[in-house]
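Chemist: Heads up: the sequence shown begins at 2 in this note's numbering, then just goes up one per residue.
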Amino acid sequence: MRVIVVGGGIGGLALGAGLRRRGFEASVLECDTDVTATGGYHITLDERAQAALRELVEPAIMRRLLASSSALRLRERDAFWDRRGRLLGHGPDLSESRSVDVDRITLRTLLAEAAGDSLHLGRTVSGAGHDDDGRPQVLFTDRAPVSADLVVGADGTRSVVARHLAGGPTNRPAGIVGFSGRTLLRDLGPAEQQRLRRRSGLAIGPRGTALYIGFLDPIGNAALHAPELRMSVTNGPTYIWGAMFPESAETDSLRALRDHELQTALLGGFRERGWADHTLEVIARADPRSVAGFRFNAASTRAADLAPWPTGRVTALGDAVHATPPTAGMGAGAAIRDAASLLAHLDGTTTITDAVHQFEEGMRHRGAEVLALGMRTVRWILATDTALGAAITTLSIPVLAAATRLRGRR
Ligand SMILES: Cc1cc2nc3c(=O)[nH]c(=O)nc-3n(C[C@H](O)[C@H](O)[C@H](O)COP(=O)(O)OP(=O)(O)OC[C@H]3O[C@@H](n4cnc5c(N)ncnc54)[C@H](O)[C@@H]3O)c2cc1C
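#1: In angstroms, rounded to a whole number, what distance separates the CA positions of residue 1 and residue 7?
#2: Could you tell me the distance, in whole angstroms, from the CA atom of residue 116 to the CA atom of residue 37?
#3: My output table needs one value for residue 238: the three-state DSSP class, helix, strand or coil.
#4: Using 10 angstroms around the beta-carbon of residue 173, count the other beta-carbons present and answer buried if the total reaches 16, otherwise exposed.
#5: Taking DSSP's pairing of strands, which residues face residue 163 in a bridge?
#6: Check whether the Cβ atoms of residue 256 and residue 304 sit closer than 8 Å, and answer yes or no.
#7: Roughly how many whole angstroms lie between the Cα atoms of residue 2 and residue 357?
#8: With a CB to CB cut of under 8 Å and the five nearest residues on each side skipped, what residues in its chain are close to residue 19?
#9: Would you kindly work out how many angstroms separate the C-alpha atoms of residue 314 and residue 239, rounded to a whole number?
#10: Using the rule of at least 16 other Cβ atoms within 10 Å of the residue's Cβ for burial, across every protein chain shown, is residue 43 buried or exposed?
#11: If you measure from the CB of residue 378, is any heavy atom of ligand 1 nearer than 7 Å?
#12: Can you tell me where the alpha helix (DSSP H) holding residue 3 begins and where it ends?
#13: Please state whether DSSP places residue 410 in a helix, a strand or coil.
#14: At a cut of 8 Å, does the segment 121-136 reach the segment 58-78 through at least three beta carbon pairs?
#15: Find the nearest neighbour of residue 104 within the set 21, 128, 310, 231, judged by alpha-carbon distance.
#16: What are the boundary residues of the alpha helix (DSSP H) that residue 216 is part of?
#17: Looking at the secondary structure, which residues open and close the alpha helix (DSSP H) in which residue 326 lies?
#18: How far does the alpha helix (DSSP H) with residue 113 in it reach, from first residue to last?
#19: Kindly indicate if chain C contains any beta-carbon less than 8 Å away from that of residue 283.
#20: Applying the criterion that 16 or more other CB atoms from any shown protein chain within 10 Å of the CB defines a buried residue, is residue 109 buried or exposed?
#21: Please state whether DSSP places residue 302 in a helix, a strand or coil.
#22: Is residue 101 a contact residue of ligand 1, with contact defined as CB to any heavy atom under 7 Å?
#23: Within 10 angstroms of the Cβ of residue 193, are there 16 or more other Cβ atoms? Answer buried if so, exposed if not.
#24: Do the CB positions of residue 267 and residue 241 come within less than 8 Å of each other?
#25: When you compare only the Cα positions, how much space is there between residue 46 and residue 26?
#26: Going by other Cβ atoms of all chains shown within 10 Å of its Cβ, with 16 needed for buried, is residue 327 buried or exposed?
#27: Using beta-carbon positions only, say whether residue 287 and residue 199 come within less than 8 Å of one another.
#28: For residue 33, is the beta carbon positioned less than 7 Å from some heavy atom of ligand 1?
#29: How about residue 227 and residue 64: do their beta carbons lie closer than 8 Å?
#30: Whose C-alpha, out of 247, 85, 73, 353, is nearest the C-alpha of residue 94?
#31: Taking one C-beta from the segment 136-144 and one from the segment 80-100 each time, how about it: are there three or more such pairs within less than 8 Å?
#32: So, are the CB atoms of residue 332 and residue 371 less than 8 Å apart?
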């Protein structure tokens, strides 16, 4: 069976690796010319995503991935702060967590290695359809169409394949614009090092602003102690942060900026909304080349709205179907689980259409679950941009901060 996968991001490469491992004839067509030219932030892989990956890649690749990952169980509980840096509460106990954080570049590089010669870089697909014999095919502007037995769109939020299937876009802007950057823990002053500690955290509001600070340390907190296998991009305790603002004409103009200019504009945006200077040190001390903007896109949170097309031999997976804002930290994991599910159905079901039907059913529920989680945080952030939300935030935060202080003294 010949399978064409459009898009060599996380889900497409994972599928390509699995197809190759099980002896299918697979081609993964990716428009990028370099797999390492991808966002510098990190990806969280929970237990389900890791179990799916084990089905898709060889054990040796899995070991290198874990040797390059930071284990959540080894970091302190997450923290919640207000814009003045006051501690409002903690996230759940992570000591039993099996989740890991890995650099996106490392994950994509390892998956590309697993996909091997099925990966074809520099191939931009312009559309999908069927040939005169009714076989699915992909189209290009610079070469002849190619037919296969199955075409899978793993081409992300702006998917041409899912757009062809759905007859229009499968997601829309979620109302938030994000900006990410990397800051070494050692580059912060002693007071902020002491406040942020070796943990991740989130500060929200007012006026729809939020700052997520993720802690990553693939050496000190290695999920698998095997330094000889390590290939993490992050080489010491690092904060990978995400600044969030409601989408507006002002944030649109920020997206045109780069490096230092963007960093300075972000700091101005937070200060204008009353954030204390010390809470912004993590942005001010970031490597300016790491600072970049991205838009949050989201599909519907209703399972029935996802993959709204009749089952056939063209399908899609991952963000192409259930674009998930990063606030869930589960979009990549869901794309990997989609890939493992499609592979299992192709391997075990008699016809391709039956396999695709069963796969799409499972994907709708998987997608709706991660979207509901991601959108909960998005709505919470956006609520602080309303009069009622702002009033509740203003009233409740000092109470929460005082309660946390009291709990800490006990
Ligand atoms: C800042 C941020 C942080 C995140 N953190 C997490 C996290 O912690 N955990 C998590 O699970 N998820 C996270 N996510 C989400 C995660 O990155 C996505 O959900 C995931 O990458 C989706 O995988 P995908 O394969 O569907 O799409 P992508 O990884 O986006 O891959 C799509 C690929 O298709 C290619 N492509 C697009 N169009 C074409 C075309 N026409 N022809 C050929 N190729 C094409 C693109 O170049 C790209 O390589 C985060 C996202 C962001 C933006």
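A virtual CB, placed ideally from N, CA and C, is assigned to each residue, including glycine.
Modeler: According to the data block:
#1: Since the first residue shown for the chain is 2 and the last is 411, residue 1 is missing from the structure and cannot be characterised.
#2: Within the sequence shown, residue 116 is the residue found at index 115, counting from 1. Within the sequence shown, residue 37 is the residue found at index 36, counting from 1. Cα to Cα, the separation comes out at about 15 Å.
#3: On the sequence shown, residue 238 is found 237 positions in, with the first residue counted as 1. Here residue 238 sits in coil by DSSP.
#4: To locate residue 173, count along the sequence shown from 1; it is residue 172. Per the 10 Å Cβ criterion, exposed.
#5: Your numbering for residue 163 matches position 162 in the sequence shown. Per DSSP, none; premise fails for residue 163.
#6: Your numbering for residue 256 matches position 255 in the sequence shown. Your numbering for residue 304 matches position 303 in the sequence shown. No, these two residues do not count as a Cβ contact at 8 Å.
#7: Along the sequence shown, read from residue 1 onward, the residue named residue 2 stands at position 1. Along the sequence shown, read from residue 1 onward, the residue named residue 357 stands at position 356. Rounded to the nearest angstrom, the two C-alpha atoms are 14 Å apart.
#8: Your numbering for residue 19 matches position 18 in the sequence shown. If we look at residue 19 and ignore the five residues flanking it on each side, its Cβ neighbours are 56, 57, 58, 340, 341, 344.
#9: The sequence position of residue 314 within the sequence shown is 313, counting from 1. The sequence position of residue 239 within the sequence shown is 238, counting from 1. Taking the straight line from one Cα to the other gives about 44 Å.
#10: The residue given as residue 43 occupies position 42 in the sequence shown. The residue is buried, with at least 16 neighbouring Cβ atoms inside 10 Å.
#11: Residue mapping note: residue 378 aligns to position 377 of the sequence shown, counting from 1. Every heavy atom of ligand 1 is 7 Å or more from the Cβ of residue 378, so no.
#12: The sequence position of residue 3 within the sequence shown is 2, counting from 1. Not the alpha helix (DSSP H): residue 3 falls in the beta strand (DSSP E), residues 3-7.
#13: Your numbering for residue 410 matches position 409 in the sequence shown. Bear in mind that a pLDDT of 48 at residue 410, under 50, signals an unreliable position, so the number given afterwards is only what the model happens to contain. In this structure, residue 410 counts as helix in the three-state DSSP scheme.
#14: In this structure the segment 121-136 does not touch the segment 58-78; the number of beta carbon pairs closer than 8 Å is below three.
#15: Stepping through the sequence shown from its first residue, residue 104 is reached at position 103. It is 231.
#16: The residue labelled residue 216 in the question sits at position 215 within the sequence shown. That residue, residue 216, is in no alpha helix (DSSP H); its beta strand (DSSP E) goes 211-217.
#17: If you number the sequence shown from 1, residue 326 lands on position 325. Taken as a continuous stretch (DSSP letters only), residue 326 belongs to no alpha helix (DSSP H), as it is neither H nor E.
#18: For the purposes of this step, residue 113 is taken as the residue at position 112 of the sequence shown. Here the alpha helix (DSSP H) through residue 113 covers 105-116.
#19: Protein chains in the displayed structure number just one, and chain C is not present.
#20: Looking up residue 109 in the sequence shown gives position 108. Residue 109 is buried by the Cβ-count criterion.
#21: Your numbering for residue 302 matches position 301 in the sequence shown. Coil.
#22: For this step, residue 101 is matched to residue 100 along the sequence shown. Result no, Cβ not under 7 Å from ligand 1.
#23: Translated into the one-based positions of the sequence shown, residue 193 becomes position 192. Flag for residue 193 reads buried.
#24: Position 266 of the sequence shown, counted from the first residue, corresponds to residue 267. Position 240 of the sequence shown, counted from the first residue, corresponds to residue 241. No, Cβ-Cβ distance for residue 267 and residue 241 is not below 8 Å.
#25: Within the sequence shown, numbered from 1, the residue matching residue 46 stands at position 45. Within the sequence shown, numbered from 1, the residue matching residue 26 stands at position 25. Their Cα atoms are separated by approximately 28 Å.
#26: Here residue 327 is taken as the residue at index 326 of the sequence shown, counted from 1. Label assigned to residue 327: buried.
#27: The count along the sequence shown starts at 1 and reaches residue 287 at position 286. The count along the sequence shown starts at 1 and reaches residue 199 at position 198. It is not a contact, given that the beta carbons lie outside the stated cut-off.
#28: Counting from one through the sequence shown, the residue named residue 33 turns up at place 32. Correct: residue 33 has its Cβ closer than 7 Å to ligand 1.
#29: The sequence position of residue 227 within the sequence shown is 226, counting from 1. The sequence position of residue 64 within the sequence shown is 63, counting from 1. Judged by their CB atoms, residue 227 and residue 64 are nearer to each other than the 8 Å cut-off.
#30: Here residue 94 refers to the residue found at position 93 of the sequence shown. Residue 73 is the option with its Cα nearest to residue 94.
#31: no
#32: Translated into positions along the sequence shown, residue 332 becomes position 331. Translated into positions along the sequence shown, residue 371 becomes position 370. Yes. Within cutoff.
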